[in-house]
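Student: What follows is a structure written as structure tokens; I'll ask about it next.
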Amino acid sequence: MKNKLILIAAVALTFGIGFWATKPETTPSRIAAALDQDTALVEIIIPASLSENGKIGRRVYNNVCATCHAPNAVGQAGVAPPLIHKIYEPSHHGDESFQRAVALGVRAHHWPFGNMPPIDGLSRADVKYIIHFLREIQRENGIN
3 MKNKLILIAA VALTFGIGFW ATKPETTPSR IAAALDQDTA LVEIIIPASL SENGKIGRRV
63 YNNVCATCHA PNAVGQAGVA PPLIHKIYEP SHHGDESFQR AVALGVRAHH WPFGNMPPID
123 GLSRADVKYI IHFLREIQRE NGIN
């Protein structure tokens with residue numbers, strides 16, 4: 003009987019630790035990101051701070067890209083994909099792929115949202131700042 007109780011306690015402890023270790027974070031930045039967009043396609047962690055280039059990129063992104071890809075690049079259901087996603091890690095979509103997407107548009111190939119048109123009015127320098135912003139958020143979310 004004593005061995006059975008020890009076994010039950012050990013199993014309960016194991017499940018308790020497992021549950022605690024895998025529970026989602028509820029940091030203010032994670033909650034804020036989730037509340038910003040009711041139609042967000044991913045939940046992200048927002049970096050506590052951005053580099054100067056990241057801050058410039060955030061401003062440019064918010065003025066142009068957020069209309070479709072949503073604030074903080076979490077995507078919008080039925081509109082555009084999240085850019086904070088493993089698909090966009092640097093080894094698969096390098097920085098130049100973002101430059102080309104803006105300049106030439108993109109034929110839909112990963113997502114069911116349709117093609118992205120070229121975006122007028124952004125220089126390569128503007129896109130470079132946007133890339134800084136996106137990569138900083140990606141790194142914060144384990145996308146390297």
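So in this note's numbering, spot 127 of the sequence shown is number 129, and the numbers just go up one at a time.
Ideal placement from N, C-alpha and C gives every residue a C-beta, glycine not left out.
#1: Can you tell me whether P119 is buried or exposed, with buried defined as 16 or more other CB within 10 angstroms of its CB?
#2: Curious, which full-length alpha helix (DSSP H) runs of at least 4 residues does the segment 92-141 contain?
#3: Apart from the five residues on each side of it in sequence, which residues of its chain come closer than 7 angstroms, Cβ to Cβ, to Y131?
#4: Just to confirm my understanding: we take V81, look at its own chain, exclude 5 residues before and 5 after, and list those with CB closer than 6 angstroms. What are they?
#5: Would you list the residues sitting across from A79 in a DSSP beta bridge?
#6: Is it true that the CB of A75 sits closer than 8 angstroms to the CB of I139?
#7: To the nearest angstrom, report how far apart N64 and W113 are at their CA atoms.
#8: Could you check what DSSP says for V44 in three-state terms: helix, strand or coil?
#9: Should L85 be labelled buried (16 or more other beta-carbon atoms within 10 Å of its own) or exposed?
#10: What is the residue span of the alpha helix (DSSP H) that Y90 lies within?
#11: Short of 8 angstroms in beta carbon distance, which residues of its chain neighbour E91, apart from the five on each side in sequence? Order them along the chain.
Tutor: Looking at the coordinates:
#1: Indexing the sequence shown from 1 puts residue 119 at position 117. That one is exposed.
#2: 97-106
#3: In the sequence shown, the residue the question calls residue 131 occupies position 129. Hits under 7 angstroms: N55, I58, G59, V62.
#4: For the purposes of this step, residue 81 is taken as residue 79 along the sequence shown, with counting starting at 1. Excluding residues within five positions, the ones whose Cβ falls inside 6 angstroms are C70.
#5: Sequence index remark: in the sequence shown, residue 79 carries index 77 (1-based). Paired residue(s): none; A79 is not in a bridge.
#6: Residue numbering aside, residue 139 sits at position 137 when the sequence shown is read from its first letter. Residue numbering aside, residue 75 sits at position 73 when the sequence shown is read from its first letter. Contact flag set, yes.
#7: As a working mapping, residue 64 is identified with position 62 in the sequence shown. As a working mapping, residue 113 is identified with position 111 in the sequence shown. Computed Cα separation, rounded: 22 angstroms.
#8: The residue given as residue 44 occupies position 42 in the sequence shown. If DSSP states are grouped into helix, strand and coil, V44 belongs with coil.
#9: Stepping through the sequence shown from its first residue, residue 85 is reached at position 83. Label assigned to L85: buried.
#10: Taking the first residue of the sequence shown as 1, we reach residue 90 at position 88. Looking at the DSSP string, Y90 is not in any alpha helix (DSSP H), and its letter there is neither H nor E.
#11: Locating residue 91 in the sequence shown gives position 89, where the first residue counts as 1. Same-chain partners within the cutoff: Q140, I145, N146.
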